[in-house]
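Using the numbering used here, the first residue of the sequence shown is number 137, and each one after it goes up by one.
Down below is the structure, laid out as structure tokens.
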Amino acid sequence: MAIRRLTALLLAFIFTGLQIYNPVNADTLTKFESGATAIVSLSQGVNNSVNISINKHANVTISSLNIRGMPATEGGTDYPISPALYIGNATTPSWRFAGPGYGAMGLQNTFEDDSKSSNYFFATAGESSKIIKLPKGEIEYANFSISTNNDIYNFTFQIGTSKVWERASFSFSSPKTLNVAPSNPAALAVGDIDGNNYADFVSGNGSGYFIIARNYDGEITEKTSIPAGSGEITGVALADVNSDGLVDIVGSCTNGNFYILRNIGGGAFDNAESVYVGQGDLKCIAVGDINGDTYPDLLGGCLNGSIAICFNNDPSPGNFSSPIFNTTTLTPNVVWAIALGNVEPEGDTDLDVVAASNNGNFYVLKNADGVLCEAEAVIPSNPAGIEYMRSVTLADIDLDGDLDIIGGNRDKGIYISTNSNGFFMPYTLLCGAKTTGQVVSVRTADFNNDTLVDILAVTSDTQGAKIEIYLNNLSIPGSFSKGLSIYPGQPYITSCAIADFDFDGYVDIGCVGNNAFVWMLNNAGSFSTVISGSAVVSALQNALNSASATNDAYGNPICGIELRVSSRTPGTLTIDSFCIKYNYTAQTSGFQSALNNYLQAHKNEGPRLGNNSVPFKFTASSSGRIFVSNLNLVFRIEEPIIAYISTPQDGYSALSTNLTLFSGYSNRDPAGSELNYTWKMDGIAFGYGSNIYQRLPPGEHEITLTVTNLTTGESDSKSINVTISKPPVPSLKIISLTSNKKTGMKDDKITFTVSVKNFGVVDAKGITVKLFLGNSVTPFAWNDISSIRAGGNVTTLIQWVVKAKVGTYKIRANLTTTDESVIEEPALSPITFKVDEKTGTDMSLILILVLVIVGVVALIGASFVLAKKDKEKKERKARERERILAEQQAQMDQLMMPQPTQPQPQVQQQPFMPQMPDYTQQPQTAYTQPSQPYQPQYGQDTQPIPQYPQYPEYAPQPIMPAQNVIPEQKPLVPVKRSKPTIVKKEPAPTTEPQPTVQPQQQPTPVPPPIEEPKKKKPLIIKKKEDEKQPQPAKPPAQKCKNCGKETTGDFCDECLTKDAIISTARLIADIKLSTDYDLSEPDALLAKARAELDKKNYVQARANARLASDLAQEIKKSGGKKPAQPSTQPAQEKTEQKVEKPAQSAPAKTEEAKTCPVCNKSVKPNWKLCPYCNARLGEKKPEQKVEQKVEPKVEEPKVEPKGKLVCPKCKEKVEPRWTVCPFCSSPLTGEQKTEPPAGKTVCKNCGEKVEQKWGVCPFCESKL
């Protein structure tokens, strides 16, 4: 195949003049289509293009181009904003100079947030900065317009690290109030919740409502109340809990819940959601990322002295986990306030927790990777009289880099504990003196813009609320002096917050209390100036040269230049405007992908070889010019793909049933294994690959092969025309139509003979011949013909029972087929058939009715006669059975009687035999009579009866009922066999007297299980020939009515023993199915009875069976209690027995227990069918010599289900897990009825008994 392809490829190259693919060496392009190396493109809101001309099969590997922004006019300032380069008709730019804070290319007059001026940029005292963005280039010109409205100020302005300007030169406004009565808010938090950059008021009240007041340009208005839940809102915090970019509201409540108001945009909120904590009242709230997953967690102080933490993102942002509690003290104390911050040394970024307790201590819980450590108490240096610490905050007051603790208590004290590398000193009183009132709240901020943290305390006394500000000293950071006292004009204040409410850069104060929101604004002043000149340009150039650049998505190196202002006093500095001109040339690269995409998309336009003109489009959103230069393209030219079809050839013809080979290749892929091959018929794909087989439908078709390089997208197609014909079909025609009669009457049978011939060259199949009356479209008779060979004919007969009305009819024939046979219209004319009127009286219906009535009467009479006979028959059989049992009892008594005194041969000691009970007496508890008469069968065709699935040791044997069980209704009836059973006669018993073993008496009516003693070899004593032994009277020979063996009674000993064992097994099984009593001892006796049956010790087996039956009945009567047992039992010893052949008997067969090979359940050796899984069991050959070890067996009690299942055929009780009935061997399909005990039902999935009150089945976990 490969040789044929290569040959065809070589021939194609010879005839077409093509050459095998061989890319040319790399080439470069440095000029535009016009021949210029640099072009100035105007870009004033419209697209401007310059073109390049490049080979349409070129593959560009390196691309670069220099672009510089310029003013539209010489010396102008209108540089292009957001200039971009697009290759061809691409919608995504290959290069662009645009982004937040970029400004125009060549001119920068905006900050990084795209603002051109700012009256809040340097709003705080101390030191503050803002960033402007510049590309790496040369600064040509710069100026800054600066002003302030403060009367007191001391400003320094620097660019980067260079100071370029310095100018030097504290009070609050009157309280402003918003009445929110009667909501009476208590807790307070401030923040921008509606996205207008102004801090709003959010509070909670004692009725479980959140109170919201919105801030518009420094004015607090629009009070809104949103219900949360019952109880008092004790704490409020603001955080984006679900990571949607909107500030949400959270609060703690005295009912033990956190409440969350989710922000849905525009300051609107959803209904409150609760997170249950418990542990009594929640006295405060804090929000922070405790476990370091970037999602804010909820912390609450509890009434019992613990801190509750609910972690966020469980399982998604905004969903919180169940609370985790951290105990702060060994004794219960209220946690009134919580502050969060990193109080440990540098290198640890975990958020730690500091709590204020009413016992007068602060408690520090350090964070270890999301787990809070044991609380460390920060005690006072002088603990006398300090208690009820109500407020706490963290701030670095001494400028050592560690957060210190500041708090206040109800005893009019403000306390400070300084931090040294995570270790807190005992706290001391601020300024050495207490305040005039109880300290309600403590906050920290730089109120005078001196870069140091000041302390604000809200106090309350009998004269009203007061705000006191303590200023940090510049000379000794961490020492304070009292600054201002501000009176908010309210009788009491419950909470306060710090924020810049008027957006002027100064820290303002907000409070809540007495049904009102109160805020006071910080001070302001004024001046104006312009900063420019060479010092400013030099400072900008130095900052630009030393800054590290970050390339954006289009390769532009962007630097951030810091404009920094410092102030020694409070004040606001405003940069009204600025202008920086610079020279930057963008060196674009990496646009070869867009260029190659354009070439691939347009390479098939026009001639297959040659160049394509590729447009370079430049755009901008403002006027300006773009200077383009230094074009550099490195590429190589690749020969296009050419597709070839080697087979079939153009004009190919075939039948639609034929498989056609379609084989193709390409000049790039002679072996047809590297490129993608697609075959299409009339534009529809029907196969993929260089070689495929396909059957085509009849008709003329265009076959197209498309070869594609999936990596580059390059492809080529080749087409041929083929003609496909239909295969020959049979041609059928009816050549004759006759009938055996021309006239008939109703219900007459008419036979029509139809001959059909196949005139085609192929066999016909699936033919149906139909007959029609007149013009009817429904056939009245038809017949099928399986096949007619080519050129042959077939005659078929069609029977018709006349049902038509009297008259003359035209009968015509027609054909239908299941294949595509051509059916020719027959030339013969329809035949005529006449239906005459039927004479005489039709008595058939009356006769049938009379016969039905007579039959019903006869059946009713017969049923009464049969019922009477059946009753008499049952009574006779019952009397016969009583007689048989009496005879068998007499025989057993005779066997048990001692022989006349005479010299006895020495014999082997026989096993222990208990005293035989009186079998003629009826048992005290009546047994349940089986629903069907037991019909045992023996012989080669007998199937073993399976054991009880849950009691494998109690498997019933196919035997007669026991002597002590007298059936009340259905006596034993021998099974009638279709074939006579050959019964082997047992040899006549020897006339020699047999040694008689006297049974031993037991002291108790219920003997213990009979243990088998060790067997010894029998001692055989040869008798003297002249010694005459007395000969017992030989009973008349009879045959067992059950198995046919010779016996002295109606039934042999073996059948009687099996009957006793199966009756006892059924009794034990019935008790187990209806109770959960412990029947291990009756089970053991029954097992010994079966063992004795296997050894043919029938008397001993029946005795053990009767003992098991009596013991089971005693247990049932006593309600599951075991009867009294003898205190001592003979010790069981492990013995080894060897079975030897007796002198006058056949070798005994030894059977061993085995397991099913499918379900691994215990089964009997003579079973052929497993009752658990219905699998076939192999037969085990008897062993000649068996060593048996008798181990003490401990029977484990089996707990049986209370419900009862009934076999649908024999009505016997069965277990839910049985797959076959052990009584009648019928398969169990799961449809048997269930009779669960009272208060219980059955699981529909697993069939187990379950309580009616249960909702889920404990066995299969299905819903009830």
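Cβ atoms here follow ideal geometry from the backbone N, Cα and C, with glycine treated the same way.
Measure the C-alpha to C-alpha separation of residue i and residue j and round it to an integer number of angstroms.
i     : j     : result
K901  : P834  : 22 Å
G691  : I362  : 51 Å
K112  : L981  : Not covered by the structure: residue 112. The range shown for the chain is 137 to 1400.
K1177 : D920  : 59 Å
N225  : P693  : 27 Å
T755  : P207  : 15 Å
A492  : I329  : 29 Å
K1120 : F1187 : Confidence is the limiting factor: at K1120 the pLDDT is only 42, short of 50, which leaves the residue's position unreliable, though a coordinate-based value still follows. When rounded, the distance between both Cα atoms is 16 Å.
G392  : D417  : 5 Å
Q1079 : A994  : Residue placement at Q1079 cannot be trusted, given a pLDDT of 38 that sits under 50; the coordinates are not used to answer.
G1391 : P451  : 28 Å
P1047 : E1016 : Residue confidence is low: P1047 scores 42 on pLDDT, short of 50, so the model does not pin down where it sits. Its coordinate-derived value is still stated next. Near 35 Å, if we compare the C-alpha coordinates of E1016 and P1047.
G544  : N585  : 24 Å
S457  : S410  : 12 Å
Can you tell which of the options has the C-alpha that lies nearest to the C-alpha of residue i?
i     : options                    : result
L530  : G568, A569, E480 and A504  : E480
G1185 : I1020, D1230 and K1252     : I1020
K502  : T485, V300 and K419        : T485
L201  : C1292, A174 and G211       : A174
G367  : V971, N747 and G344        : G344
R948  : V890, V898 and I903        : V890
V594  : Q574, D972 and N608        : Q574
K618  : P562, I550 and S556        : I550
L508  : A917, R1238, I716 and Y499 : Y499
P318  : P311, F337, V990 and K359  : K359
Give me the DSSP bridge partner(s) of residue i.
i     : result
Q294  : K299 and R700
Q244  : I716
L841  : W815 and K854
N894  : L868
Q785  : Q785 pairs with nothing; no bridge assigned.
G205  : I762
Y222  : K753
P1362 : With the sequence shown as reference, residue 1362 is identified as Ser, and Pro is not the correct amino acid for it. S1362 is not bridged to any residue.
V528  : G543
L769  : L165 and S199
Y690  : Answer is none; Y690 lacks a bridge partner.
A473  : A492
W231  : L221
In the DSSP assignment, find the unbroken beta strand (DSSP E) run with residue i in it and report its ends.
i     : result
S1210 : No beta strand (DSSP E) contains S1210, which is instead part of the alpha helix (DSSP H) from D1189 to S1210.
Y352  : Y345 to Y352
P321  : P321 to G327
S1216 : Taken as a continuous stretch (DSSP letters only), S1216 belongs to no beta strand (DSSP E), being part of the alpha helix (DSSP H) at S1216 to D1230.
P363  : E355 to P363
E512  : E512 to V514
Y238  : No beta strand (DSSP E) holds Y238; DSSP gives it neither H nor E.
Q830  : N827 to Q830
V377  : Taken as a continuous stretch (DSSP letters only), V377 belongs to no beta strand (DSSP E), as it is neither H nor E.
E523  : Run containing E523: none; DSSP gives neither H nor E here.
Starting from residue i and walking both ways along the alpha helix (DSSP H), at which residues does that stretch end?
i     : result
E248  : Neither: E248 is in no alpha helix (DSSP H) and is coded neither H nor E.
Q736  : Q728 to H738
E482  : Counting along the chain, E482 falls outside any alpha helix (DSSP H), and DSSP gives it neither H nor E.
S1245 : Y1234 to K1253
L795  : Here L795 belongs to no alpha helix (DSSP H), and DSSP marks it neither H nor E.
Those runs of the beta strand (DSSP E) which lie wholly inside the region 600-688 and span at least 3 residues: Runs found: 600-608, 616-622, 631-635, 644-649, 652-656 and 661-668.
Segments assigned beta strand (DSSP E), at least 3 residues, entirely inside the region 398-430: You should have 399-401, 409-412 and 418-424.
Every unbroken beta strand (DSSP E) inside the region 904-941 [3 residues or more]: DSSP runs (the beta strand (DSSP E)) wholly in the region 904-941: 917-924 and 929-937.
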